[in-house]
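S.K.: Structure in structure tokens, see below.
Protein chains: 2
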Amino acid sequence: MKEKELRRSMSVFPIGTVMKLTDLTARQIRYYEEQDLIHTERNEGNRRMYSLNDIDVLLEIKDYLTDGLNMAGIKRIYEMQEKEKLSFQNSTHQLTDHDVRRILYDEIVSQSGMIGKSKDSFQSGGPRL
Amino acid sequence: MKEKELRRSMSVFPIGTVMKLTDLTARQIRYYEEQDLIHTERNEGNRRMYSLNDIDVLLEIKDYLTDGLNMAGIKRIYEMQEKEKLSFQNSTHQLTDHDVRRILYDEIVSQSGMIGKSKDSFQSGGPRL
DNA sequence: GAGTCAATGTCATATTTTATGACACGAAAA
DNA sequence: TTTTCGTGTCATAAAATATGACATTGACTC
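Put into structure tokens, the structure is as follows:
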């Protein structure tokens, strides 16, 4: 499965394709990058090039935003995931990535300013994982 | 497996990406299109956009050329495949695509002007399938 | 050897796509 | 009300692509 991973992380899509695939505007995509939610590669001509993984992240971000999270919240989620990834090395991990995302997500949602928002906009059990 | 097929046939790559992925020049890619070896989609702005399947075909074409086939030969191979695809509907097919390609390939190679070319440049059993 | 043809290189010009920075705006927060 | 956040929009510059023309190279023919 190593080759598939590699393919999924190859930066091969220009922003125009990503716009269509994610239904985000270039403005939005660049803004999320500016906010450090994604880290985009550039080609020799300074054009942003995206991987399948990048597109997954953008779709995740869309979901989080739909659920009422803001940039700061989403960023924290990814930061925590990052930490988990690191501590993953010297400890057997009882928690799957799935678990971690769910836990962090619930934490963020219950902690951030979600007062006055309809609870209906939440699917039970957290984001699409 | 229907969704995967769909994804493989989505035209999402600009020619620049295809150049890198196939190690072909834009001139070559356009020429193969001009010769009807590939049929390229265009986006709203008239730019060519390629699918994963298109890239596979281009890599096949490279292989065929390496093996000494010319445009006409390659075109015939694809035409015959096309026919097979059509007759495929009203008959149970004993031959797999793999078989068909091999048979057509051998036919073309033995029939076309391969005299005086080293037999070493042929891998036994036909092209990469 | 000269000519021909197939596949590709190269160049010029026009159009499209993208990058960047600035300003605007509506909704939510303070 | 005033800020802040996420996004829209616009102007300008640069990169990527389309197209058509001409050049080149190798193989084949005569």
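Sequence lines, in order, name chains A and B.
To convert, take the position in the first sequence, counting from 1, and add 25; that gives this note's numbering.
To convert, take the position in the second sequence, counting from 1, and add 25; that gives this note's numbering.
We treat Cβ as the ideally placed atom computed from N, Cα and C, and that holds for glycine.
Counting beta carbon pairs with one atom in the stretch 39-58 of chain B and one in the stretch 69-80 of chain B, are three or more of them shorter than 8 angstroms?
M.R.: Short answer: they touch.
S.K.: Does the beta carbon of B:K45 come closer than 9 angstroms to any beta carbon on chain A?
M.R.: Yes, B:K45 lies at the interface with chain A (some Cβ there is under 9 angstroms from its Cβ).
S.K.: At which residues does the alpha helix (DSSP H) containing B:R73 begin and terminate?
M.R.: Premise fails: B:R73 lies in the beta strand (DSSP E), 73-75, not in any alpha helix (DSSP H).
S.K.: Quick check: what's the CA-CA separation for B:T50 versus B:M44?
M.R.: About 6 angstroms.
S.K.: Tell me which same chain residues have a C-beta within less than 7 angstroms of the C-beta of B:P39, skipping the five on either side of it?
M.R.: Closer than 7 angstroms at Cβ, skipping near neighbours: R72, M74.
S.K.: What do you get for B:T42, buried or exposed, if any count of 16 or more other CB atoms within 10 angstroms of its CB means buried?
M.R.: So B:T42 ends up on the buried side.
S.K.: Check this for me: beta carbons of B:L90 and B:I99, under 9 angstroms apart or not?
M.R.: Result yes, Cβ atoms of B:L90 and B:I99 sit closer than 9 angstroms.
S.K.: Please state whether DSSP places A:E66 in a helix, a strand or coil.
M.R.: Here A:E66 sits in strand by DSSP.
S.K.: Is the distance from the Cβ of B:M26 to the Cβ of B:L77 below 9 angstroms?
M.R.: Result no, Cβ atoms of B:M26 and B:L77 do not sit closer than 9 angstroms.
S.K.: Quick one: which residues of the stretch 70-84 of chain A get their C-beta closer than 7 angstroms to a C-beta of chain B? List them in chain order.
M.R.: If the cut-off is 7 angstroms between Cβ atoms, the stretch 70-84 of chain A has nothing near chain B.
S.K.: Just to check my reading of the structure: A:L94 and A:T47 have Cβ atoms closer than 8 angstroms, yes? What is that Cβ distance to the nearest angstrom?
M.R.: At roughly 17 angstroms, the Cβ-Cβ gap does not stay under 8 angstroms, so A:L94 and A:T47 are not in contact.
S.K.: Would you report the Cα separation of A:E107 and A:D79, rounded to the nearest angstrom?
M.R.: Each residue's Cα considered, the two are about 15 angstroms apart.
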